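Working notes, beginning with the structure itself.
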Amino acid sequence: MTKTQIDHAKEGTLTPEMLEIGKKENIDKELVLERVANGSLVIMTRKGCPPVAIGKGASTKINVNLGTSSAAIDPEAEIEKVKIAQQYGAATITDLSMGGDISAIRKMVFENTELPVTTVPIYQTIVECGMENVTTDDILSYLKKHVDEGVSSVLLHCVEKEMLEQLKDTGRVMGMVSKGGSFTSSFMLLNECENPFIEHFDEIMEILRENDVVLSLGNTMRSGCVHDLKDSAQLMEIETNAALAKRANEMGVQVIINGMGGHIQASDIRDSVKLYKEKADFPLFVAGPLPTDIAVGYDHIAGAVGASMASGAGADYLCYITPAEHLSLPNPQQVKEGLIAFRIAAHIGDSMKYGLTDADLMLAEKRANFDWRGQAELAIDPTRPAQMCPDEGPCSMCGDYCAIKIMKNYLTGEN
């Protein structure tokens, strides 16, 4: 049987990946062992590529969603997005392709990045088998296909019948907004069966163990607008995902829990993170969250506000949002804008969790000395400030009347 990172950690053996992420994240070796063993720290791996640490003690990571849809099939544009994700600091990529040759597109994604890749296998299952004809064997077969092809993580929606019953009585404005959750729920309702991911959970864990693939537990019951408040269906999903995560950890499979995704009012963000962490201290993956619904066209900004709050409260992993959210499939430029916004959010969140870093201090020192090139080089996106700043001297905002320049001699005692 293949040993996973959890197996090694429980035996007290430091793997090369553990040593690498311990050094990169500045986490003591013994803490790495302890956290990987108990599941609070996940090491996402991909053959021949650098490992990525997600969870307790690690910096907040950003995931970039991309992929074709049935209405927009342009594989070259998706590969451009892959390259942008790698260039501008994403930690992982999720390929959500549902249009065109899905397997070929996934192969192209693998070939154009070193980042770990996550998929939602039921997407391809439904596209290629059809909702009316898909079987449990199909669902498990496509899952294994994705694992065999080398994905680093798979996202499964473990919704239960009782949750669906609860959902009918919640009076939500938006109902269910999870695509993978809706596919899984529809399969259950059409076939009058329980969730195949739960019924075959042990078999699935054996499939994931083969390549040490991370299990990402989906957030089917997330809110679709800020007026859809936390309800009984969401609370049931939190309990179910926590129980399944513990079960997976006991079987040697690393787990990430998706939660708080979508829309949540700002005043509830901190308490919501706390609730998830109290139920199970596995890495928490948050899409956004969006703390308002009126930022359409600028949802990457609204999402970054919510994400910085969530990260600061203890969320470990953020799924970016682009300006095209709720409107269209994002183009490459919108992917970049969303990623940069969420990298800023992650940095702010980490400053709340771990304290200030030298990065902000170094940039401030460059700014104080009118070192425009140096300031741009230290920015999250160096290209943009380089296009705006002067070559030397004060900027055009103040010109000759720069407060720093006026007071510098007085404050330093220089003549």
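Convert by adding 152 to the 1-based position in the sequence shown; the result is the number in this note's numbering.
Positions of the beta carbon are idealized from the N, C-alpha and C atoms, including for glycine.
From a predicted model like this one, the values you see are computed outputs, not experimental measurements.
Nonlocal neighbours in the same chain, by C-beta distance under 7 Å from residue i, ignoring five residues either side
{"i": "Ala456", "result": "Ala493, Phe494, Ile496 and Ala497"}
{"i": "Gly404", "result": "Thr156, Ile158, Asp159 and Arg361"}
{"i": "Met357", "result": "Ala400, Met403 and Val405"}
Extent of the continuous beta strand (DSSP E) to which residue i belongs
{"i": "Cys471", "result": "Tyr469 to Cys471"}
{"i": "Met357", "result": "Premise fails: Met357 lies in the alpha helix (DSSP H), Phe353 to Arg361, not in any beta strand (DSSP E)."}
{"i": "Gly207", "result": "Val204 to Gly207"}
{"i": "Ile214", "result": "Lys213 to Leu218"}
{"i": "Thr246", "result": "Thr244 to Asp247"}
Beta-carbon gap between residue i and residue j smaller than 7 Å
{"i": "Tyr574", "j": "Pro268", "result": "In the structure displayed, the chain extends from 153 to 567; residue 574 sits before or after that span and is not available."}
{"i": "Thr336", "j": "Val311", "result": "yes"}
{"i": "Met412", "j": "Met315", "result": "no"}
{"i": "Asn410", "j": "Asn371", "result": "yes"}
{"i": "Leu442", "j": "Ile214", "result": "no"}
{"i": "Ala224", "j": "Leu185", "result": "no"}
{"i": "Val234", "j": "Asn264", "result": "yes"}
{"i": "Ala394", "j": "Ala454", "result": "no"}
{"i": "Gly490", "j": "Thr474", "result": "yes"}
{"i": "Met326", "j": "Asp380", "result": "yes"}
{"i": "Gly207", "j": "Ile179", "result": "no"}
{"i": "Ser338", "j": "Met283", "result": "yes"}
{"i": "Val378", "j": "Asp451", "result": "no"}
{"i": "Pro348", "j": "Thr392", "result": "no"}
Limits of the unbroken alpha helix (DSSP H) element including residue i
{"i": "Ile278", "result": "Pro273 to Cys281"}
{"i": "Phe339", "result": "Lys331 to Asn343"}
{"i": "Gly140", "result": "The chain is shown from 153 up to 567; residue 140 falls before or after that span and cannot be answered."}
{"i": "Ala476", "result": "Premise fails: Ala476 is in no alpha helix (DSSP H) and is neither H nor E."}
Rounded distance between the beta-carbons of residue j and residue i, thought under 8 Å
{"i": "Thr154", "j": "Glu362", "result": "6 Å"}
{"i": "Glu177", "j": "Ser222", "result": "About 40 Å separates the two Cβ atoms, so there is no contact after all."}
{"i": "Leu367", "j": "Leu308", "result": "7 Å"}
{"i": "Ile236", "j": "Pro484", "result": "6 Å"}
{"i": "Glu266", "j": "Cys201", "result": "4 Å"}
Selection from the options that minimises the alpha carbon distance to residue i
{"i": "Met196", "options": "Asn190, Val204 and Ala189", "result": "Val204"}
{"i": "Thr240", "options": "Gly464, Met549 and Pro534", "result": "Checking the sequence shown, residue 240 turns out to be Tyr, not Thr. When each option's Cα is compared against that of Tyr240, the closest is Pro534."}
{"i": "Ala465", "options": "Gln318, Ser338 and Glu430", "result": "Glu430"}
{"i": "Arg374", "options": "Pro348, Val438 and Leu427", "result": "Val438"}
{"i": "Arg198", "options": "Ile245, Asn561 and Lys505", "result": "Ile245"}
{"i": "Ala467", "options": "Ile173, Leu193 and Pro168", "result": "Leu193"}
{"i": "Asn217", "options": "Ala242, Lys208, Glu391 and Glu228", "result": "Ala242"}
{"i": "Gly440", "options": "Lys426, Gln417 and Leu427", "result": "Gln417"}
{"i": "Leu319", "options": "Phe353, Leu342, Asp290 and Ser384", "result": "Ser384"}
{"i": "Lys297", "options": "Val365, Gly507, Ile236 and Ser503", "result": "Val365"}
Residue i: CB within 6 Å of a non-hydrogen atom of the ligand FMN
{"i": "Lys297", "result": "The ligand FMN is not among the ligands present in this structure, which contains no ligands whatsoever."}
Spatial neighbours of residue i in its chain, beta-carbon cut-off 8 Å, leaving aside the 5 residues before and after
{"i": "Leu479", "result": "Val448 and Gly449"}
{"i": "Gln527", "result": "Leu515, Lys518, Arg519, Pro537 and Cys541"}
{"i": "Glu355", "result": "Leu292"}
Same chain only: Cβ atoms within 6 Å of residue i, ignoring 5 sequence neighbours per side
{"i": "Met328", "result": "Ser334"}
{"i": "Arg422", "result": "Ala465"}
{"i": "Gln623", "result": "Residue 623 lies beyond the range of the chain shown here (153 to 567); nothing can be said about it."}
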